[in-house]
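Under full-length UniProt numbering, the first residue of the sequence shown carries the number 1, and numbering increases by one thereafter.
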Amino acid sequence: MSTPTPRPTPTAQPLAHNPSTRPPHTPTQYPAPPHHQTPTPQYPLPAQSPVPTQNPVPTQGGASSAPTAQYPVPTQQPVSAQAVAQRPPHTQHEFQHLPAALSGRGLVKYYGDVVGLAGVDVAVRPGEALAVMGPSGNGKTTLLHVLAGILVPDQGEVWLGNDRVDQLSDGQRTVLRRRRLGFVFQDNQLLAELPADENVALPLMVDGMSRREAVGRARATLAQVGLANEAGRRPGELSGGQAQRVAIARALVGEPQVVFADEPTGALDAATGGQVIDLLVGAATHRGAAVVVVTHDDAVAARCHRVVRIVDGRVSER
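(1) What three-state label does DSSP hand D197 in the structure shown?
(2) Going by CA-CA distance only, name the one from V215, V258 and G236 that's closest to E128.
(3) Counting Cβ pairs closer than 8 Å, one from the region 126-143 and one from the region 159-171, do we hit at least three?
(4) Pull the bridge partners of R309 from the DSSP assignment, please.
(5) Could you check whether P264 and L252 sit closer than 8 Å to each other, using their CB atoms as the reference points?
(6) Here's the rule I'm using: 16 or more other beta-carbon atoms within 10 Å means buried, otherwise exposed. How should E237 be labelled?
(7) So if DSSP puts A123 in a beta bridge, which residue, or which two residues, is it bridged to?
(8) Is it buried or exposed, H305, if we count other Cβ atoms within 10 angstroms and call 16 or more buried?
(9) For M205, which option in L268, F183 and A214 has the closest C-alpha, if you only look at C-alpha atoms?
(10) To the nearest angstrom, report how far apart E230 and R245 are at their CA atoms.
(11) I want to check one thing, is the minimum distance from the CB of D298 to the heavy atoms of the ligand MN below 7 Å?
(12) Run through DSSP, which three-state label would D278 get?
(13) Pull up the distance between the alpha-carbon of Y110 and that of P99, whole angstroms please.
(14) What number of angstroms, rounded off, separates the C-alpha of V184 from the C-alpha of A196?
(15) Would G112 be called buried (16 or more neighbouring beta carbons within 10 Å of its own) or exposed?
(16) Buried or exposed for P41, please, with buried defined as at least 16 other CB atoms from any protein chain shown within 10 angstroms of its CB.
(17) Rank V294, A289, A299 and R309 by C-alpha distance to the C-alpha of H145 and give the top, closest one.
(18) Can you tell me which of the three DSSP states A289 falls into?
(19) Assuming V215 is part of the beta strand (DSSP E), what are its boundary residues?
(20) In the structure shown, what three-state DSSP assignment does L160 receive?
(21) How far does the alpha helix (DSSP H) with V246 in it extend, from its first residue to its last?
(22) Indicate whether V122 and V308 have their beta-carbon atoms separated by less than 8 Å.
(23) Let me make sure I understand the geometry here. Which of K140, Q189 and V300 has the alpha-carbon closest to that of D278?
(24) Find the nearest neighbour of R177 within the set P135, G116, T221 and L147, judged by alpha-carbon distance.
(25) May I have the straight-line CA-CA distance separating Q155 from K140, to the nearest angstrom?
(26) Just to confirm the assignment, what range does the alpha helix (DSSP H) spanning D298 have?
(27) Going by CA-CA distance only, name the one from P153, I150, L151 and G116 that's closest to G137.
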């Protein structure tokens, strides 16, 4: 049997703002910054204390008035593709002074002999919404999965705050995703047999919170996204936009540090999609969470603070 030819290690794509003389990627090119030298382990993670709500939640003992939506759905139409280039300069740089909430350095990922990521550097900061664009099959979803700890990179580092995600065990990464990350999917992935409030409460109950407390927090979060009156409805009784707003509430109810959204408007019409992405970005960043949105839609990208493009597994600023 012949010896297989070793696959080459791809060279990292230089960042747009780095000098052209940047040397090729090496595994030691991305040392942790000083505050990462001795990160404090957060595992096993402590149980989160409940976040107090400002609005009363109906109980069996008596009904209270429905809370006012904290993030009413906007009525504006989707922004044109030209808006991406027309954004004022401060919106592209206003987060640069903040430490990264999430970062990937020199990320390389193989699928057999196919290179999914070829030395990617990316970071997103608290309160910032980052859009990831690019042709299908060029690494957008792979990048999202690596940053979220669903996949482990073959080379490179992923940091969530002071935690080196790629060095955690499978079980630790599962706990991290459940307690510190939120996810919004194209098809919402709600459970058809559960009402909206229980769909939103489910991640909290899985993490050990009592049903009463979890449902109370879920109803408060639904009210914040304008669905106080739909808490008892099942997904089949909701419109597509309402169902996706339930999915946003589910992503936010655990107070995540980062929210990942994979084509969150792909199944919606343009007007509804614009409303949903405005709600997602507004509600998440208002809470100080970072948002990573994978999208093909220029109008969706225009609603984010910054846009990167990934082609052939390499990232460049747009």
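All C-beta atoms, glycine included, are put in the ideal place defined by N, C-alpha and C.
According to the structure data:
(1) Within the sequence shown, the letter at position 197 stands for residue 197. Helix, per DSSP.
(2) Here the question's residue 128 lines up with position 128 in the sequence shown. Measuring from the Cα of E128, the nearest candidate turns out to be V258.
(3) no
(4) Numbered from 1 along the sequence shown, position 309 holds the residue referred to as residue 309. Partner(s): M133 and S316.
(5) For the purposes of this step, residue 252 is identified with residue 252 of the sequence shown, where counting begins at 1. For the purposes of this step, residue 264 is identified with residue 264 of the sequence shown, where counting begins at 1. Their beta carbons are not under 8 Å apart, which means L252 does not touch P264 by this criterion.
(6) For the purposes of this step, residue 237 is taken as the residue at position 237 of the sequence shown. E237 comes out exposed.
(7) As a working note, residue 123 is residue 123 in the sequence shown. Partner(s): S103.
(8) Translated into the one-based positions of the sequence shown, residue 305 becomes position 305. Counting Cβ neighbours within 10 Å, H305 comes out buried, since at least 16 surround it.
(9) Within the sequence shown, the letter at position 205 stands for residue 205. Measuring from the Cα of M205, the nearest candidate turns out to be A214.
(10) Translated into the one-based positions of the sequence shown, residue 230 becomes position 230. Translated into the one-based positions of the sequence shown, residue 245 becomes position 245. Cα to Cα, the separation comes out at about 11 Å.
(11) By its list of ligands, the structure shown contains no ligand whatsoever, and the ligand MN lies outside what it can speak to.
(12) What you label residue 278 is simply residue 278 of the sequence shown in a count that begins at 1. Looking at D278 - three-state DSSP - the assignment turns out to be helix.
(13) As a first step, residue 110 must be located in the sequence shown, where it is residue number 110. As a first step, residue 99 must be located in the sequence shown, where it is residue number 99. Cα-Cα distance, rounded: 29 Å.
(14) Walking along the sequence shown from the start, residue 184 turns up at place 184. Walking along the sequence shown from the start, residue 196 turns up at place 196. So the alpha carbons of these two residues sit roughly 15 Å apart.
(15) One-based indexing of the sequence shown puts residue 112 at position 112. Answer is exposed; the Cβ neighbour count stays below 16.
(16) Position 41 of the sequence shown, counting from 1, holds the residue named residue 41. In this predicted model, P41 has a pLDDT of only 40, less than 50, meaning its place in the structure is not dependable enough to derive any value.
(17) Locating residue 145 in the sequence shown gives position 145, where the first residue counts as 1. Taking only the C-alpha atoms, the option nearest H145 is V294.
(18) Taking the sequence shown and counting its residues from 1, one reaches residue 289 at position 289. If DSSP states are grouped into helix, strand and coil, A289 belongs with coil.
(19) As a working note, residue 215 is residue 215 in the sequence shown. Counting along the chain, V215 falls outside any beta strand (DSSP E), though it belongs to the alpha helix (DSSP H) covering R211 to Q224.
(20) As a working note, residue 160 is residue 160 in the sequence shown. L160 falls in the strand class under three-state DSSP.
(21) The sequence position of residue 246 within the sequence shown is 246, counting from 1. Looking at the DSSP string, the run of the alpha helix (DSSP H) that includes V246 is G240 to L252.
(22) Here residue 122 is taken as the residue at index 122 of the sequence shown, counted from 1. Here residue 308 is taken as the residue at index 308 of the sequence shown, counted from 1. Yes, these two residues count as a Cβ contact at 8 Å.
(23) For the purposes of this step, residue 278 is identified with residue 278 of the sequence shown, where counting begins at 1. Considering only alpha carbons, the answer is V300.
(24) Here the question's residue 177 lines up with position 177 in the sequence shown. Nearest option by C-alpha distance: L147.
(25) Walking along the sequence shown from the start, residue 155 turns up at place 155. Walking along the sequence shown from the start, residue 140 turns up at place 140. Cα to Cα, the separation comes out at about 17 Å.
(26) In the sequence shown, counting from the first residue as 1, residue 298 sits at position 298. D298 -> alpha helix (DSSP H) spans D298 to A301.
(27) Taking the sequence shown and counting its residues from 1, the one referred to as residue 137 is at position 137. For the residues P153, I150, L151 and G116, the minimum Cα distance to G137 belongs to G116.
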